[in-house]
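Numbering (my numbering), first residue to last: 30 to 300. Where a beta carbon is used, it is the ideal one built from N, C-alpha and C, also for glycine. Note that the coordinates shown come from a computational prediction; the quantities given were computed from them, not determined experimentally. Structure first, then comments.
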C-alpha cells in the first residue's frame, strides 16, 4: 500500500509543473513530501485527507494499485487548483525556510523548564515551561510564564506561541505573546550532540516587562523534562526564584549568569 501511494502521488504531481509547485500549493514541506514519494514514510490521516481534497480523490483511492488508479484518473480527471496559488509573499518565504529547518527536530519534542534572569524583575531567575511539538510538517512550541511576585495576591500567567527551526547546527525559536500581542521573543540554542537531550543553552532576546520596555538579551538554559509530564505540577513549579534558592541547580544558575569575560566584544552564549 505504501508503494501504491507513492506511485499514485507521483502520477497526481505529474499534472502540475513540478513537485515544488504542488508543495507550495498544499503548504507542505518539500523534504517531507519527498519521503511520501519515495515510500519512506506515510502521511498522517489528516495530511492524507488534505492531499486527497487538493487533488479531488479519496484517501482510500490513493491506496489502489497504480493500474487501477491510473484508470480512475483517466475516467475522472483530477482537480487542478489554479486558485490556490494565491500564497502571500510572507508565507512563501516561510515555506522556503520550513523546507530547510525541520529535519532532525523530532528528538527535541517534549517539555522543558526554561531558566533565565527575569527582564521584568531584575536579580530574579524566572523558570517557565516550554512544550515543543510537531504538527504535520511543522514544529511549534508554547512557552508558559508564571510570575509570582511577593507583593502580589495571585500569580500572573503569560502564554507565548511560536515556531522552531533547526538550521545547520543551531535551534531557532521565535514566538509572540498571545494575550496582548505586545511582545515577540527570539531564542537561539545550541543543539544536543548526544542521542539523549538533557540541557540546551543559548541566548534569548526580548523586551523587559517594565514600563520602559527596554530590549534585553539574556543567557538561557532549557532543561528537558520528557514527552509526558504532569503539566499542572510543572506549571506550579514555574515562577521567580532567588539565585541562591535550594530548589535551583547550581550549574544552571552559573550557566545563565549574564557576565562577560575581559576582552569580549560581544555578549555570547555559553556552550
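| If you check the beta carbons only, do residue 127 and residue 58 fall under 8 Å apart? | Yes. Within cutoff.
| query | Just reading off the alpha helix (DSSP H) that residue 285 is part of, what are its end residues? | reply | No residue range can be given for residue 285, since it is assigned to no alpha helix (DSSP H) and is classified by DSSP as neither H nor E.
| field | Burial state of residue 147, where buried means 16 or more other Cβ atoms lie within 10 Å | value | The Cβ neighbour count for residue 147, taken over all protein chains shown within 10 Å, is at least 16; the residue is labelled buried.
| task | Could you check the C-alpha separation between residue 62 and residue 119 for me, to the nearest Å? | result | Answer to the nearest angstrom: the Cα atoms are 21 Å apart.
| field | Of the listed residues 250, 174, 82, nearest to residue 287 (C-alpha basis) | value | If we check each option's Cα against that of residue 287, 250 comes out closest.
| task | Flag this pair as yes or no: are the beta carbons of residue 79 and residue 55 separated by less than 8 Å? | result | Their beta carbons are under 8 Å apart, which means residue 79 touches residue 55 by this criterion.
| message | With a threshold of 8 Å, are at least 3 pairs of Cβ atoms found where one atom belongs to the region 263-274 and the other to the region 228-243? | response | Put simply, the region 263-274 does not touch the region 228-243. Fewer than three CB pairs are less than 8 Å apart.
| Residues near residue 268 in its chain [Cβ-Cβ closer than 8 Å; skip 5 each side] | Sequence-distant partners of residue 268 (beyond 5 residues in either direction) whose C-beta falls short of 8 Å from its own C-beta, in its chain, are 155, 156, 175, 176, 177, 184.
| Do residue 230 and residue 197 have their C-beta atoms within less than 8 Å of each other? | No. Outside cutoff.
| field | Buried or exposed (CB count within 10 angstroms, at least 16 for buried), residue 256 | value | With fewer than 16 other beta carbons inside 10 angstroms of its own, residue 256 counts as exposed.
| query | Quick one, are the C-beta atoms of residue 137 and residue 158 less than 8 Å apart? | reply | With contacts defined as CB atoms closer than 8 Å, residue 137 and residue 158 fail to qualify as a contacting pair.
| field | Boundaries of the alpha helix (DSSP H) in which residue 100 is found, first to last residue | value | Per DSSP, residue 100 belongs to the alpha helix (DSSP H) from 95-104.
| task | Have a look at the DSSP bridge pairing and note the partners of residue 206. | result | For residue 206, which the question treats as bridged, DSSP gives the partners 189.
| query | Going by Cα to Cα distance, which pick from 299, 47, 168 is closest to residue 123? | reply | Among 299, 47, 168, the Cα nearest to that of residue 123 is on 168.
| query | Between the C-alpha atoms of residue 113 and residue 290, what's the straight-line distance to the nearest angstrom? | reply | Caution applies to residue 113, whose pLDDT of 49 falls short of 50 and renders its modelled position unreliable; the value that the coordinates give is listed next. Their backbone Cα atoms lie some 54 Å apart in a straight line.
| task | Could you spell out where the alpha helix (DSSP H) holding residue 119 opens and where it closes? | result | That run of the alpha helix (DSSP H) goes 118-130.
| message | On the DSSP letters alone, give me the boundaries of the beta strand (DSSP E) that residue 260 sits inside. | response | If you look at residue 260, you'll find it isn't in any beta strand (DSSP E); it sits in the alpha helix (DSSP H) that goes 260-265.
| request: Taking only runs that begin and end inside the region 142-186, name each unbroken beta strand (DSSP E) of 3 or more residues, in chain order. | output: For the region 142-186, whole beta strand (DSSP E) runs of length 3 or above, ordered along the chain, are 154-164, 167-176.
| residue 134 and residue 163 look like a contact to me (Cβ under 8 Å); what is the Cβ gap, rounded to whole Å? | Correct: roughly 7 Å between the Cβ atoms.
| field | Sheet register partners of residue 213 (DSSP bridge) | value | 205, per the DSSP bridge assignment.
| field | residue 35 burial status per 10 Å Cβ neighbour count (16 or more: buried) | value | Per the 10 Å Cβ criterion, buried.
| message | Suppose you measure from the CA of residue 48 to the CA of residue 42; what does that come to, to the nearest Å? | response | So the alpha carbons of these two residues sit roughly 6 Å apart.
| query | What three-state label does DSSP hand residue 113 in the structure shown? | reply | Because the pLDDT of residue 113 is 49, which lies under 50, any placement of that residue in the model is unreliable, and the question is left without a value.
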